[in-house]
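Here the structure is laid out as structure tokens; the discussion comes afterwards.
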Amino acid sequence: MMKKGPITISLESIISLDTLDLSNNQFEGPIPNSLGNMTSLITLDLSNNQLEGSIPTFSRNVTSLIELDLSYNKLSSLTDQFGVYESISILDFSNNKIGGEFPKSLGKLSSLTTFCV
1 MMKKGPITIS LESIISLDTL DLSNNQFEGP IPNSLGNMTS LITLDLSNNQ LEGSIPTFSR
61 NVTSLIELDL SYNKLSSLTD QFGVYESISI LDFSNNKIGG EFPKSLGKLS SLTTFCV
């Protein structure tokens, strides 16, 4: 049986990774800001965990992102930072606790083909 806890792996030195899939674990707590060092990320999948809080500002540095899956967590808010993802085509925030208005920057995502909340 896996023990629940935060994402504690050291991500600072993994800067050229293009796919990170940490889905279907029992990670809890906030999404670590250290993911912002992975500026080559194309796919980030943190779905099916127990992550909570808001999507952190780390994502401003990860502008090559095409797919972001944060579904099935306990995230509570979307910040107005999504305009930096010019090439993103898939955003999945379904089955979270997200409330409030959608950020206006989502309207700037011309490559977006799938958006789930």
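Take 1 as the starting number for the sequence shown in the UniProt record's numbering and just add one per residue.
Ideal placement from N, C-alpha and C gives every residue a C-beta, glycine not left out.
Keep in mind it's a predicted model, so treat the numbers as computed, not measured.
With fewer than 16 other CB atoms across the displayed protein chains lying within 10 angstroms of its CB, residue 18 is exposed.
Just so you know, the alpha carbons of residue 26 and residue 110 end up roughly 34 Å apart.
The Cβ atoms of residue 48 and residue 72 lie closer than 9 Å to each other. Judged by DSSP in its simplified three-state form, residue 97 adopts coil rather than helix or strand.
Taking C-beta atoms as the reference points, residue 75 and residue 91 fail to come closer than 9 Å. In this structure, the CA atom of residue 39 is about 15 Å from the CA atom of residue 21.
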